[in-house]
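Protein chains in written order, with the numbering used here: chain S, 23 to 216; chain G, 23 to 216; chain D, 23 to 216; chain F, 23 to 216; chain B, 23 to 216; chain P, 23 to 216; chain X, 23 to 216; chain R, 23 to 216; chain Y, 23 to 216; chain L, 23 to 216. Working notes for the structure below.
Protein chains: 10
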Amino acid sequence: MAFVGKKFPNMEVNAMNEMGDTIQVNVFEEAAKNKKKVLLFWYPKDFTFVCPTELHAFQAALGEFDKRNTIVIGASCDTPEVHFAWLSTAKDNGGIEGITYNLLADSNRNLASTLGILDTTVVEKDGLTLLEGDNVTYRATYLIDEDGVVFHEGINHMPIGRNVNEYLRLIDAFTHVQEKGEVCPANWEEGKQA
Amino acid sequence: MAFVGKKFPNMEVNAMNEMGDTIQVNVFEEAAKNKKKVLLFWYPKDFTFVCPTELHAFQAALGEFDKRNTIVIGASCDTPEVHFAWLSTAKDNGGIEGITYNLLADSNRNLASTLGILDTTVVEKDGLTLLEGDNVTYRATYLIDEDGVVFHEGINHMPIGRNVNEYLRLIDAFTHVQEKGEVCPANWEEGKQA
Amino acid sequence: MAFVGKKFPNMEVNAMNEMGDTIQVNVFEEAAKNKKKVLLFWYPKDFTFVCPTELHAFQAALGEFDKRNTIVIGASCDTPEVHFAWLSTAKDNGGIEGITYNLLADSNRNLASTLGILDTTVVEKDGLTLLEGDNVTYRATYLIDEDGVVFHEGINHMPIGRNVNEYLRLIDAFTHVQEKGEVCPANWEEGKQA
Amino acid sequence: MAFVGKKFPNMEVNAMNEMGDTIQVNVFEEAAKNKKKVLLFWYPKDFTFVCPTELHAFQAALGEFDKRNTIVIGASCDTPEVHFAWLSTAKDNGGIEGITYNLLADSNRNLASTLGILDTTVVEKDGLTLLEGDNVTYRATYLIDEDGVVFHEGINHMPIGRNVNEYLRLIDAFTHVQEKGEVCPANWEEGKQA
Amino acid sequence: MAFVGKKFPNMEVNAMNEMGDTIQVNVFEEAAKNKKKVLLFWYPKDFTFVCPTELHAFQAALGEFDKRNTIVIGASCDTPEVHFAWLSTAKDNGGIEGITYNLLADSNRNLASTLGILDTTVVEKDGLTLLEGDNVTYRATYLIDEDGVVFHEGINHMPIGRNVNEYLRLIDAFTHVQEKGEVCPANWEEGKQA
Amino acid sequence: MAFVGKKFPNMEVNAMNEMGDTIQVNVFEEAAKNKKKVLLFWYPKDFTFVCPTELHAFQAALGEFDKRNTIVIGASCDTPEVHFAWLSTAKDNGGIEGITYNLLADSNRNLASTLGILDTTVVEKDGLTLLEGDNVTYRATYLIDEDGVVFHEGINHMPIGRNVNEYLRLIDAFTHVQEKGEVCPANWEEGKQA
Amino acid sequence: MAFVGKKFPNMEVNAMNEMGDTIQVNVFEEAAKNKKKVLLFWYPKDFTFVCPTELHAFQAALGEFDKRNTIVIGASCDTPEVHFAWLSTAKDNGGIEGITYNLLADSNRNLASTLGILDTTVVEKDGLTLLEGDNVTYRATYLIDEDGVVFHEGINHMPIGRNVNEYLRLIDAFTHVQEKGEVCPANWEEGKQA
Amino acid sequence: MAFVGKKFPNMEVNAMNEMGDTIQVNVFEEAAKNKKKVLLFWYPKDFTFVCPTELHAFQAALGEFDKRNTIVIGASCDTPEVHFAWLSTAKDNGGIEGITYNLLADSNRNLASTLGILDTTVVEKDGLTLLEGDNVTYRATYLIDEDGVVFHEGINHMPIGRNVNEYLRLIDAFTHVQEKGEVCPANWEEGKQA
Amino acid sequence: MAFVGKKFPNMEVNAMNEMGDTIQVNVFEEAAKNKKKVLLFWYPKDFTFVCPTELHAFQAALGEFDKRNTIVIGASCDTPEVHFAWLSTAKDNGGIEGITYNLLADSNRNLASTLGILDTTVVEKDGLTLLEGDNVTYRATYLIDEDGVVFHEGINHMPIGRNVNEYLRLIDAFTHVQEKGEVCPANWEEGKQA
Amino acid sequence: MAFVGKKFPNMEVNAMNEMGDTIQVNVFEEAAKNKKKVLLFWYPKDFTFVCPTELHAFQAALGEFDKRNTIVIGASCDTPEVHFAWLSTAKDNGGIEGITYNLLADSNRNLASTLGILDTTVVEKDGLTLLEGDNVTYRATYLIDEDGVVFHEGINHMPIGRNVNEYLRLIDAFTHVQEKGEVCPANWEEGKQA
């Protein structure tokens with residue numbers, strides 16, 4: 023089911039902030055209450071190789087997102103304790119030390135399951151209902167506007183990292199539509215003629 | 023439901039080719055039988071303003087896609103007759119004359135409905151089951167590999183055009199993974215160091 | 023299910039008027055609120071060969087229908103944008119330029135589906151519920167009286183055009199019954215003795 | 023449900039022939055086995071005023087239908103005995119003496135019910151399931167081709183007689199399509215230019 | 023289900039009176055409102071051989087029934103129009119001219135179906151629910167008292183005519199019970215000693 | 023449900039013969055195996071006033087039934103023991119001494135319940151499913167032909183005795199139909215002109 | 023289901039008293055309203071050999087039951103008429119002349135069915151639901167206290183008569199418990215030391 | 023449900039024999055395999071006051087039962103361990119030392135539940151399905167013949183002890199029926215004239 | 023289902039106290055109303071070998087439990103009468119004389135069934151639903167805090183006795199957490215450094 | 023549901039061994055195939071305070087478990103990657119460096135869900151089925167014998183660490199039962215007299 027054009031699920035999720043506190047984050051309200059755009063990106067697991075490059079890339083671009091009134095939130099199904107441990111691990115050791123945006127710790131999978139992005143299949147075996155796969159999420163990304171409505175969703179296959187600039191372009195294009203009432207054609211970029 | 027990591031639906035759909043013939047296209051087999059990658063992009067309706075810029079943009083990049091062993095296919099829920107009429111309309115008149123790739127004419131919505139990208143809601147009214155909305159698709163895009171498996175899916179909100187270069191980057195990244203067995207980190211681009 | 027003797031479905035449908043505006047038309051209310059008769063004719067698709075001759079034939083007879091207090095409405099499952107494009111196409115190029123009556127754009131098939139005139143069969147294939155056929159309508163015609171009640175319905179096979187005069191005869195006969203309280207025997211025509 | 027484009031129900035029905043014999047007629051097989059077209063017309067009741075004019079009109083045109091390889095069959099829900107009595111009644115006395123085509127006597131309503139042309143509504147009253155209305159048919163007409171497939175169906179409101187010439191025109195148009203492979207546009211008539 | 027000892031169904035049915043008017047008759051109310059006994063006899067079809075002898079026999083005995091405060095009503099599933107035609111046919115021609123009691127025209131079978139006297143079997147064939155048989159009634163007879171309660175019911179096989187005197191005897195016997203409070207033994211007849 | 027025109031239920035029932043033996047009687051087979059007609063008459067209860075007059079009347083006419091190849095069988099829901107006691111009671115004391123035909127003792131109501139002639143209503147009271155009434159049969163009569171098919175059924179209200187001659191007449195009429203192939207009109211009697 | 027310790031079913035049943043009147047008896051209320059104990063004994067059928075000896079034995083002990091504030095009631099599924107006939111038959115002829123207690127005539131089996139003491143098995147045969155067996159009761163006995171609660175129930179196989187003294191002993195024992203609050207051990211008898 | 027006239031449930035139950043061994047006893051097979059009669063008596067609980075007097079009374083009469091080819095079996099829902107403890111307790115201390123017949127230890131209630139003699143009611147409370155009462159049996163007794171068929175069943179209210187002689191009488195009466203083929207009337211006792 | 027972290031079932035159960043009285047004990051309220059901890063231990067059966075050593079061991083440690091504000095309750099599915107008998111049996115004879123804490127007598131298994139600790143399996147055999155096994159409990163232990171919430175549950179296999187000291191350690195550890203707000207690491211013991 | 027006395031679930035689970043390899047472990051087969059006892063202990067989450075003390079305590083006792091032919095396995099619902107990170111963290115930094123036994127990584131919760139030890143409640147909220155709680159396991163422990171059958175299970179509340187010695191005692195006691203066939207009474211310890 024597509025979420026584009028619909029409100030993002032209104033749901034509290036555990037998260038870890040840069041202070042190491044376990045907090046509750048409601049992504050929909052982050053957008054709708056603060057009148058901010060939100061970029062929410064999911065990665066499969068803490069303590070893996072591809073994921074930290076994405077986390078660092080979003081961190082590096084945080085100023086650009088901030089200019090565009092956009093909050094960045096990362097998310098996986100690991101616990102807050104594991105996020106904390108990874109945040110405490112130096113970048114050179116494969117850690118994510120230095121990440122300052124919030125990380126959702128959706129260990130009960132409530133949000134990931136609602137979004138339908140868990141890489142699992144339900145199987146019946148010997149009378150038991152089991153899950154095949156690790157029960158972690160795809161590399162899914164959501165762009166949400168100031169009303170909590172999704173204006174882009176995308177999923178990359180596991181081994182392909184995301185392109186931070188493309189998300190900046192999409193935010194610019196959507197902002198252009200919001201401000202100018204103009205539709206943005208293909209390959210539109212801010213400053214280039216629509 | 024995410025299609026990333028799964029086979030694209032194996033299904034015949036009406037389409038119009040550049041000769042004006044109504045043909046049957048099976049997107050899954052285009053990839054799996056020809057051992058080609060496929061970029062399939064959906065747009066809401068023929069004879070609208072944003073859509074033709076996207077169709078022309080993909081046409082302009084056709085050489086790049088071809089170099090990457092990738093077939094481009096467009097798709098809407100209009101009939102083959104309407105596609106033909108639009109193809110016969112000059113670009114200056116808002117037409118898509120000059121488009122040479124195939125256009126799916128999914129007027130029975132079999133494929134769009136399977137993919138879950140129709141912008142409609144089922145409502146019960148006075149004992150009738152009705153559809154709210156125009157029953158056309160979102161601006162959804164699928165990248166499919168040589169086995170017919172989806173490696174990227176994304177949906178943009180109606181008024182935002184797509185970025186052709188981003189799809190070329192995603193194809194390059196996935197090809198790099200296929201060939202080198204290396205994972206592609208964030209912001210990876212061909213030629214730049216992974 | 024026959025609609026003759028029953029009220030026409032009370033339902034809003036997208037339509038394009040001669041000004042190129044997308045409007046909402048409720049066929050039942052066109053009759054019942056305006057105290058007019060309505061001739062509603064469905065054709066399968068825009069931009070085909072048989073259809074425009076019918077559309078032009080009804081246009082040519084518009085004066086006759088008007089004399090009989092009868093509104094003519096055309097209908098297909100194409101979008102308003104496609105109707106507009108066809109209306110903008112010259113008659114010599116297979117277009118319907120010059121048509122002044124409204125054209126329903128029932129792209130969500132709400133009305134066509136209620137009337138049961140879609141040329142489709144639901145099939146189960148590989149666990150999917152698919153539609154066989156193009157999901158467009160038969161060449162169905164409805165004559166509706168000033169109370170919104172259907173007094174004639176008919177369906178022709180795809181390749182056979184309609185006879186405008188027969189509808190004028192049926193309207194005359196029904197009006198005769200309304201005014202004179204007399205039944206109209208076979209082959210009755212206005213002016214000829216009943 | 024529309025029957026156009028589908029095979030006519032394959033079903034035996036009681037009927038009376040011109041000899042006064044009660045026979046069994048299967049309309050589908052009349053067409054498909056004899057490789058003939060069939061015009062089947064239903065009228066509500068024997069021994070009424072409008073109906074005999076229609077029966078006589080079809081009788082008068084029998085030669086024209088014959089030239090077009092078309093069998094005419096009348097039908098109501100009266101019993102064979104009643105058909106016989108009406109056939110034995112002089113035209114001047116409101117009878118149908120002189121009718122030579124077969125008349126279906128669908129007293130068990132098997133065929134009329136399958137076609138959905140009975141003018142009745144099922145109501146629940148005091149725990150009983152009752153039928154409102156006389157349980158007789160609408161003035162429905164079916165044109166069936168040599169394969170038993172319906173190519174026209176139409177229903178007139180009770181008090182309006184049918185136009186025999188329009189059915190001849192529809193048969194000619196359909197035959198033209200069969201023979202010439204040409205589509206017949208609006209208002210097409212044999213001999214006039216398509 | 024036996025109706026003896028229970029109220030006759032309270033239901034309006036079309037009927038034809040001796041004036042040729044189509045009226046509504048409620049057999050239960052004929053008895054209960056008029057404080058009359060009713061003899062209701064069903065015959066299979068108008069315009070057959072056995073039936074008119076029964077209709078004439080009841081007509082001949084009408085005086086006797088009247089003396090016993092008893093209304094006679096005939097009934098079949100033919101339409102009022104057919105009853106009228108039969109009533110207009112001379113006795114010598116197999117008609118029932120001269121019949122003055124009302125004839126129920128239960129063409130929607132509401133009453134016959136409630137009484138369970140239709141000679142039909144429901145069969146499933148090729149996915150259709152069909153009726154085997156002509157869907158006409160058995161030769162059933164009901165004697166109803168002044169409260170609308172049935173005190174005799176009987177059914178004869180198709181080819182056996184009824185004995186009018188036996189019904190007079192049954193009415194006499196029941197009246198004797200009503201008036202004298204005495205039970206009537208076997209073979210009891212009015213005037214003979216009980 | 024009418025049994026006329028259908029086979030009588032094929033079912034063994036306890037019975038008492040004139041020797042005082044409890045035997046098993048299958049009414050259907052009495053007819054079909056012996057190629058005899060059967061008159062089966064039900065009365066409500068042993069040891070009541072009306073009933074013995076009927077039993078004696080049938081006994082008195084036994085010769086007439088025998089001439090017509092017809093077996094007479096009586097029936098109630100009392101036990102064989104009670105039948106025996108009643109058979110042992112002198113006629114003057116209200117008994118049925120002298121009856122020589124078999125009496126069904128349908129104390130488990132299997133046959134009466136299948137025929138639907140029990141004078142009971144099922145009611146729900148305080149969570150229990152109870153029967154209102156004495157659970158005995160109506161005064162029902164069945165005439166069965168040599169194939170075990172019912173050709174007359176009738177029910178009289180409790181206090182009215184049956185007319186033995188009417189059953190002889192019905193048997194004669196049906197035999198006439200069987201032998202002559204002629205229909206028997208109303209009031210037909212053997213020897214009188216049909 | 024055991025009834026001991028539960029209230030006896032509260033239900034009206036037909037019965038015959040010693041005057042030959044058909045009355046209604048509610049066993050529960052006989053106990054609870056009259057503040058009496060009740061001995062209710064069922065026997066299979068009137069007019070059999072074993073049963074009258076039991077009926078006479080209970081009659082002979084009626085004084086003893088009366089001393090113990092206990093009403094005796096007999097019961098079978100025969101009708102009141104049959105009870106009357108049996109009561110009118112001299113003891114020497116196998117009758118029960120002289121019985122003065124009431125006899126339930128549970129011909130509709132409402133009470134026997136609630137108690138679960140009918141000697142029948144429900145079987146499905148040829149689509150019919152039939153009862154195997156005579157549908158009469160076992161030789162069941164109930165002792166009921168002054169509140170309508172059962173304190174003993176027992177069933178003997180058909181051919182074994184009951185022991186009246188054992189019921190007197192059970193009543194004495196229960197009364198002893200009621201009055202003394204003492205439990206009665208095995209083989210306890212009034213007057214013997216507990 | 024009555025078990026009289028039916029086979030006793032064929033089921034293994036834990037039991038304790040006089041040696042203190044836990045064994046498996048199948049009551050049905052005790053009768054049917056050994057061709058013996060069985061008296062099975064249930065008491066509510068071990069270590070209570072009334073029960074041991076019954077157990078001792080049956081023990082005292084064991085010779086009489088043996089003469090009559092009858093096995094005595096006691097039964098409660100206590101465990102074999104508890105039976106053993108009670109058997110090891112002297113009679114003077116309320117124990118049952120000296121009992122030599124087997125005692126069923128139906129702690130899983132399989133047999134008691136099948137017989138329907140548990141003094142419990144199922145109640146729903148706070149979403150739980152609970153049993154009201156101690157879940158022990160009534161004071162039920164079964165007499166079973168050499169084929170395993172029950173010929174007497176009875177239940178006494180909790181505080182009333184059983185009468186051993188009555189069971190001897192019932193066994194004698196049944197044996198008399200078996201041997202002599204004679205029915206035993208009321209109050210019958212061996213040696214007294216039937 | 024785990025009960026740790028949830029309230030213990032709120033349910034009245036029969037029990038025997040040291041005075042030999044049958045009382046009602048609600049374990050949840052023992053804790054929550056008295057603001058005490060509760061140790062509830064289940065054993066399979068009275069009068070067995072292993073069980074008394076556990077009962078005596080808990081008795082011996084009663085002072086230690088009391089110091090820790092903890093009530094000890096034993097439990098089996100035997101009746102209060104059996105508990106009393108066992109309590110009256112000297113320790114040397116395998117009895118539990120001297121036990122002063124309450125013993126639940128869960129003979130209806132309401133609590134054991136809610137806790138899911140009955141050693142039984144439901145099996146279908148010959149159409150009956152039977153229990154395999156003795157229907158007694160496992161050797162389960164529950165530690166409950168002053169709010170009635172379970173903080174430890176454990177089950178040992180039948181032949182292994184419990185370690186009283188381990189329960190004292192668990193109570194101490196939990197109390198430490200309650201008082202100090204400190205978590206107790208592995209192998210923690212009171213007095214030893216956490 | 024208790025697992026004591028039943029086979030441990032036969033199921034493959036992801037795990038991390040001391041080499042840092044992700045392997046598949048089937049706990050049941052570890053026991054049954056290797057003929058070893060297994061101690062499986064669950065802890066809620068990696069990177070928390072209480073948990074490592076338990077992990078280190080089991081590591082310290084590994085020699086004792088090995089002497090007793092017992093494999094130790096730890097388990098949580100974290101991913102193998104997180105286990106690896108924790109294993110790579112020094113004990114002084116809250117890590118578990120030095121642990122050599124396998125750690126189950128039940129991230130899809132298949133095993134934890136089968137055992138019923140997840141600390142979650144399913145709630146319905148706004149039409150969604152959500153899990154309350156972190157979806158991690160209780161501090162549950164299982165002792166499994168050489169046939170894969172559980173002989174002890176226990177759950178501690180979150181903040182209480184386990185006592186390694188108690189598990190050694192339980193294993194000794196069970197081994198004693200296995201070898202000696204003797205039951206182990208309360209407080210039994212190896213070397214102390216049973």
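All C-beta atoms in this analysis are idealised placements derived from N, C-alpha and C, irrespective of residue type, glycine included. Computed from a prediction, not measured in an experiment: that's the story for all the values here.
Contacts between ASP68(F) and chain B, judged by CB atoms closer than 8 Å, involve THR101, GLU103, VAL104, ALA107 in chain order. Three or more beta-carbon pairs separated by less than 8 Å link the segment 158-165 of chain D to the segment 174-181 of chain D, which places the two stretches in contact.
Within chain F, the residues whose beta carbon sits less than 8 Å from that of PHE173(D) are ASN178, HIS179, ILE182, listed in sequence order. Annotation: the continuous alpha helix (DSSP H) that includes TRP108(L) extends over 102-109. For LEU153(X), the CB contacts under 8 Å within the same chain, skipping 5 residues up- and downstream, are THR142, THR143, VAL144, VAL145 in chain order. Residue-level contact by beta carbon fails for THR142(S) and chain G, as no gap is shorter than 8 Å. By the criterion of a C-beta distance shorter than 6 Å, PHE25(R) is surrounded in its chain by VAL172, GLU175, once the five residues flanking it on both sides are discounted. Among the residues facing chain S, LEU153(L) is included, as its CB has a counterpart in that chain under 8 Å away.
Less than 8 Å separates the beta-carbon of TYR123(G) from that of LEU84(G). In chain L, no part has a C-beta under 9 Å from the C-beta of ILE118(Y); the shortest such distance is about 13 Å. Secondary structure of VAL49(S) (DSSP, three-state): helix. Counting along the chain, HIS174(X) sits inside the beta strand (DSSP E) bounded by residues 172-178. In the displayed model, ARG191(B) falls within a helix according to three-state DSSP.
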